[in-house]
Every structure is written in C-alpha cells, then in structure tokens.
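See structure below.
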Amino acid sequence: MVRAVKGTKDILPEEMPRWQLIESTARNIFATFGFEEIRTPLFEETELFHRGIGEATDVVSKEMYTFPDRSGNSLTLRPEMTASVVRATIEHRLELYRNPLRLFYIGPMFRYERPQKGRYRQFHQIGAEVIGSDHPAIEAEAIEMLLLLLERLQVRGSELVINSIGCPSCRPDFLNLLRNAVSEKLERFCADCRDRSSRNVLRVLDCKQETCQEPIESLPAISDHLCEGCRSHFLQFRSWLEKRRVPYQVRSRLVRGLDYYEKTTFEISNGLLGAQNALAGGGRYDGLSALLGGKPSKGFGFAMGMERLVLALPEEAVKESSSTPELCLVPLGEKALEVAAGVASKIRQAGKGCYLEYEARSLKAALRSADRIRARWALILGDNELQTGQWVLKDLTAQTQRLITETELLEACASGAGKTQILF
Ligand code: AMP
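Just so you know, we're using the numbering used here here: the sequence shown kicks off at 38 and counts up by one.
Structure follows, in structure tokens:
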C-alpha cells in the first residue's frame with residue numbers, strides 16, 4: 038500500500054472545522070486591520086531563497102526541497118513565504134499602489150526537517166507582511182493583530198518574547214565579538230554549535246542542547262552592543278507595545294533562523310504545545326527587498342504555524358463554530374423521499390443545512406446513520422406522516438420527540454439569520 042510521504046499528513050474531514058475556523062477568523066481579523074490576501078506559487082527559482090534567506094541558514098543549507106525541472110532550472114518548494122511575497126511586491130510594483138502595503142497569506146510550506154509532533158515536512162503557515170514602513174508602531178500593530186487572532190480563537194497561555202538583533206551597521210562588530218567568545222571555549226559547545234561558530238555564529242545563541250546552555254549564558258548579549266539607531270528603535274517598539282497594553286518579555290538571546298531579519302525580532306510560544314512550543318515568529322527585514330533586486334524597502338512580518346495552532350485550539354472554540362447540518366431528514370419509502378427532497382431544497386434555499394437519508398431501509402438503521410453523521414435532530418416521514426402532514430421531529434441527544442408541520446419547519450429555518458443550523 039502506498040502511504041503519505043514521511044513528515045506529511047492528511048487533514049481529514051473531522052479536523053477540518055478547526056482549520057476552517059482558524060482561516061475564517063484570520064481573514065476577518067486581518068481585514069479589520071486593512072490587510073489584503075496574496076497567493077504566490079508553491080515553487081520558486083531556488084536562487085530566491087539562497088539570496089533571501091541566506092546560504093548559511095539551516096533552512097537553505099539542509100532543509101529545502103530543491104529539484105531541477107525538465108528544462109534543467111533549479112526550483113525549490115517554498116520553505117517560507119516572506120521571500121516570495123517580497124519578490125511579488127517587486128515584480129508587480131505593488132508598493133506604488135499602497136504605502137505601506139499590508140499583505141497576508143495562508144498556505145503550505147516545505148522543509149526537510151526531522152518529523153515529530155508539531156513538526157512536519159509539509160506544514161502550513163498564516164503570515165502577514167507590512168512593506169514600506171520602518172515605524173516601530175507598525176510592528177506593535179502587527180503583533181496586536183496576531184494576539185487578537187489568538188484571543189478570538191480562545192487560545193490561552195501564549196507568551197510574547199522580543200529582542201533586537203541589530204542592523205548591518207552594528208551587527209558585524211557584535212558577530213566578531215561573539216565569534217571570539219565562542220572560540221575561546223569551543224570545546225564546551227556541541228558539534229552543531231562548533232560548526233555554526235564559523236558559518237552562522239548568531240545561531241549558537243539559539244541552541245537547545247542542554248550542555249550548551251551554561252557556556253551560552255556567559256556569551257555577550259547583542260542588546261548591549263546595539264548602535265544608537267537600533268537602540269532607539271527598540272525602545273520605541275517597546276513603548277508602542279506598552280501603549281497597546283501588550284505584555285512581553287525581552288529575551289536578549291532570541292535570534293531567528295532566517296538571515297534577512299534585523300532590528301526587531303519576536304516569537305510567541307505556547308506551553309500547550311510541548312517540545313515544539315514556538316507558535317509564531319517574525320521580525321523586521323529592511324534589507325530583503327534590495328537583496329532580491331528591488332529598490333530598498335523596509336519590511337516587517339510574522340508567520341504562525343497552523344498545525345501548532347490547531348493543537349492549541351480549545352474544543353469550545355470549535356464547537357461554537359461548527360457548520361455541518363444538525364438536521365437529518367429520514368423519509369421511509371419512495372413517496373416520502375420525493376416529499377423530503379422537496380423540503381430539503383426549501384431548507385437549503387433558506388440558507389440552512391440538512392442531510393437527506395436516501396436509503397433508509399428501516400427506521401432503526403436510519404436513526405443509527407443519523408447518529409453516525411452526528412446530527413442532533415432526525416425528521417421522520419413515513420406513511421402516517423405523509424397522510425397527516427405532521428412530521429416526527431426526534432431530538433437524538435435528549436431522546437425526545439414531537440410533531441412538526443412543514444410550515445413550522447420552514448418558519449424555524451427563517452429564524453436565526455446567518456447560522457446554518459436550524460433553531461427549533
Ligand atoms: P519560521 O518561518 O521558521 O519563523 O516559523 C514560523 C512558525 O512556523 C513557527 O513558529 C512554527 O509554528 C511554524 N513552523 C516552522 N517550521 C515548522 C515545521 N517544520 N512544522 C510545523 N510548523 C512549523
């Protein structure tokens with residue numbers, strides 16, 4: 038039997054209400070902040086990610102799905118979407134129309150990582166980008182939007198940590214300092230960190246290995262080595278968070294896995310997630326547009342992992358949003374089926390939902406199947422009911438029943454505007 042590829046997973050119908058709730062809530066909230074959706078191709082020229090994310094990052098050096106197409110072009114399945122969004126912005130000169138541009142996206146990303154709970158090789162992100170402004174208030178607004186989404190989804194227990202990782206004018210000196218400090222006690226670091234010390238020394242700060250924690254503690258912190266511009270930007274960003282009453286912690290060792298970040302970076306973690314507790318992350322990327330051949334343009338954005346958000350989503354939030362029909366029409370016989378099909382059309386035209394049972398061999402079998410599809414109500418139409426015009430409405434949860442006419446049923450459909458469920 039052929040199975041799904043390792044690290045990928047099918048999202049089955051029973052999980053779908055969670056995904057749909059997340060997507061629709063995100064679309065609603067992002068719209069209230071003036072963000073518009075963008076969709077870019079799943080694959081891009083490999084060079085985009087080499088230039089944008091950086092050759093020395095784990096994502097580019099170890100995790101990309103890169104392949105030649107039939108004409109020999111090197112293509113890569115997108116491992117993240119900021120580089121694609123900035124490419125599209127340059128290509129279509131989107132900044133001419135709105136400044137700043139506020140964009141969001143929802144879609145799959147691909148990274149060849151070691152699969153575990155909350156970590157996949159195909160995973161989904163919801164992300165947002167603000168392109169064309171370096172105002173620290175916009176960073177606080179984007180984070181406020183992200184936190185509002187979590188609040189609306191009733192996801193509790195998230196923590197915001199922030200940092201500034203400097204800019205091209207202050208970071209090189211700090212990297213030299215850090216490299217020297219690491220090389221002084223190189224033998225105390227794990228093999229990965231020893232490798233990172235020459236390739237991408239900032240990531241040493243981010244190592245999760247138990248044995249590295251003590252030597253990391255004594256390394257210099259970038260927050261003590263910021264230039265005046267970065268220091269003042271960070272202070273303003275913090276004060277904007279405070280004005281918006283967003284609680285946060287500064288973690289001076291927070292660095293991100295992608296090279297394009299500078300100045301503000303942040304992460305949102307959630308204790309419900311276990312080992313892979315990073316729910317979302319982002320930061321400023323003022324150099325990315327120029328790196329990709331566009332005119333210099335400031336940018337700030339974030340991405341949130343949807344599989345992780347699904348894990349953190351409480352059951353109540355999903356229940357409240359369920360939109361599958363609660364009513365199942367159970368006609369017993371061909372004549373009843375004809376009548377029931379007509380009533381089903383009227384119910385759906387009124388914007389409500391119902392299942393129609395086609396092959397009710399017996400009442401008992403029909404009720405069992407209504408139960409299986411998780412209907413709350415069964416509306417039974419047999420010979421008796423056809424004659425009297427009174428259907429039997431059975432409440433499958435309370436195990437009670439009463440009689441109802443077609444007119445009463447359609448009246449119930451007209452109430453409770455907007456909901457697919459019928460309020461009896
Ligand atoms: P990044 O693009 O690395 O900044 O990641 C942003 C968010 O995407 C993370 O906080 C995770 O929630 C999610 N994420 C990243 N990589 C994976 C993965 N391999 N599987 C599932 N979620 C991921």
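Just so it is clear, CB atoms sit at the ideal spot from N, CA and C, and this is done for glycine as well.
Member of the options whose CA lies at the smallest distance from the CA of residue i
i           : options               : result
residue 239 : 214, 340 and 266      : 214
residue 257 : 218, 191 and 197      : 218
residue 45  : 186, 98 and 155       : 155
residue 192 : 228, 316 and 168      : 316
residue 143 : 163, 111 and 130      : 163
residue 269 : 247, 200, 233 and 336 : 200
residue 66  : 252, 186 and 205      : 186
residue 179 : 326, 71, 286 and 448  : 71
residue 285 : 133, 98, 299 and 305  : 305
residue 337 : 130, 141 and 167      : 167
residue 302 : 274, 308, 309 and 386 : 274
residue 207 : 176, 250, 259 and 226 : 259
residue 153 : 370, 362, 312 and 407 : 312
residue 209 : 399, 237, 53 and 87   : 237
residue 221 : 252, 181, 161 and 351 : 252
residue 69  : 141, 361 and 343      : 141
residue 216 : 255, 53 and 160       : 255
residue 427 : 434, 446, 435 and 433 : 446
residue 281 : 341, 176 and 383      : 176
residue 298 : 367, 272, 278 and 335 : 335
residue 138 : 73, 149, 197 and 158  : 73
residue 148 : 115, 458, 197 and 60  : 115
residue 267 : 205, 225, 310 and 248 : 205
Residue i CB to nearest heavy atom of the ligand AMP below 7 Å
i           : result
residue 86  : no
residue 157 : yes
residue 242 : no
residue 461 : no
residue 140 : no
residue 435 : no
residue 386 : no
residue 186 : no
residue 117 : yes
residue 67  : no
residue 344 : yes
residue 316 : yes
residue 160 : yes
residue 412 : no
residue 293 : yes
residue 422 : no
residue 341 : yes
residue 150 : yes
Beta-bridge partners of residue i, as assigned by DSSP
i           : result
residue 103 : 113
residue 307 : 195
residue 431 : 415 and 438
residue 142 : 164
residue 267 : Per DSSP, none; premise fails for residue 267.
residue 80  : 114
residue 153 : 156
residue 392 : 365
residue 147 : 159
residue 286 : 198
residue 73  : 140
With a cut-off of 8 Å, do at least 3 Cβ pairs link the region 168 to 185 to the region 318 to 329?
The region 168 to 185 is in contact with the region 318 to 329.
Using 8 Å as the threshold, is the region 324 to 331 in touch with the region 110 to 127, meaning 3 or more CB pairs across them?
Three or more pairs of CB atoms, one per stretch, sit closer than 8 Å, so the region 324 to 331 contacts the region 110 to 127.
Below 8 Å, how does it come out for the region 220 to 235 and the region 287 to 296: are there three or more Cβ pairs, yes or no?
No contact exists between the region 220 to 235 and the region 287 to 296.
Is the region 359 to 377 in contact with the region 389 to 401, if contact means three or more CB pairs nearer than 8 Å?
At 8 Å Cβ cutoff, the stretches touch.
Length-filtered (4 minimum) alpha helix (DSSP H) runs lying within the region 299 to 347:
Those alpha helix (DSSP H) runs which fall completely within the region 299 to 347 and span 4+ residues are 325 to 328.
Scan the region 182 to 258 and note each continuous alpha helix (DSSP H) run of 4 residues or more that stays entirely inside, going in chain order.
With a minimum length of 4 residues, the continuous alpha helix (DSSP H) runs that stay inside the region 182 to 258 are 208 to 221, 228 to 236 and 250 to 254.
Mind the definition here: the region 39 to 54 touches the region 102 to 117 only if three or more C-beta pairs lie below 8 Å; say whether that holds.
Contact fails between the region 39 to 54 and the region 102 to 117, because fewer than three Cβ pairs, one in each stretch, are under 8 Å apart.
Three-pair Cβ contact test at 8 Å for the region 415 to 423 versus the region 431 to 450
As far as the Cβ criterion goes, the region 415 to 423 touches the region 431 to 450, which means the pair count is three or higher.
Report yes or no: do the region 243 to 252 and the region 263 to 281 share at least 3 C-beta pairs separated by less than 8 Å?
Touching, no.
Spell out a yes or no on whether the region 128 to 144 and the region 94 to 101 are touching, meaning 3 or more CB-CB pairs, one atom from each, closer than 8 Å.
As far as the Cβ criterion goes, the region 128 to 144 does not touch the region 94 to 101, which means the pair count is below three.
Taking the runs of the alpha helix (DSSP H) that are 4 residues or longer, which of them lie wholly in the region 362 to 388?
Unbroken alpha helix (DSSP H) runs of no fewer than 4 residues, entirely contained in the region 362 to 388, are found at 371 to 386, following chain order.
Under 8 Å: do the region 400 to 415 and the region 354 to 370 share three or more Cβ pairs, one atom per stretch?
A contact exists between the region 400 to 415 and the region 354 to 370.
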